[in-house]
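Numbering that gives the first Met the number 0 numbers the first residue of the sequence shown as 0 and each following residue consecutively.
Think of the CB as a built atom: it goes at the ideal place given N, C-alpha and C, for glycine as much as any other residue.
No experiment lies behind these values; they were computed from the predicted model shown.
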Amino acid sequence: MESIKEFLPVIIPIVILELGLMIYALSHVLKHERYKFGNRALWILIVVLVQIIGPILYLTVGKEND
Numbered sequence: 000m001e002s003i004k005e006f007l008p009v010i011i012p013i014v015i016l017e018l019g020l021m022i023y024a025l026s027h028v029l030k031h032e033r034y035k036f037g038n039r040a041l042w043i044l045i046v047v048l049v050q051i052i053g054p055i056l057y058l059t060v061g062k063e064n065d
C-alpha cells in the first residue's frame with residue numbers, strides 16, 4: 000500500500016486550488032445580489048458542499064455578468 004506522503008505533491012495543489020476557488024466564489028456570492036439561476040443561499044450551499052465543481056459551476060452558470 001502506498002503512503003500518503005507519495006500523494007502529497009498531487010494533493011496539496013488540488014487543495015490550494017479548491018480553497019482559492021471557494022474563497023473567490025463565496026466572496027462573489029456574498030457581494031452580489033443577482034444571479035442567473037437560484038438565490039444566494041443555494042449558491043453558498045453549492046459552492047461549499049460540492050468540492051471543486053461547486054465554485055466552477057457558480058462561476059460559469061450562476062454568476063451574473065456585471
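- When Glu32, Ile15 and Ser2 are compared, the shortest CA-CA separation from isoleucine 51 is found for Ile15.
- For glutamate 17, the uninterrupted alpha helix (DSSP H) segment begins and ends at 3-30.
- In the DSSP assignment, isoleucine 51 falls outside any alpha helix (DSSP H), carrying neither H nor E.
- Here the alpha carbons of asparagine 38 and isoleucine 10 stand approximately 32 Å from one another.
- Taking 8 Å as the cut-off, the Cβ atoms of leucine 20 and isoleucine 55 count as close.
- Tyrosine 34 is positioned such that its CB atom lies closer than 8 Å to that of glycine 61.
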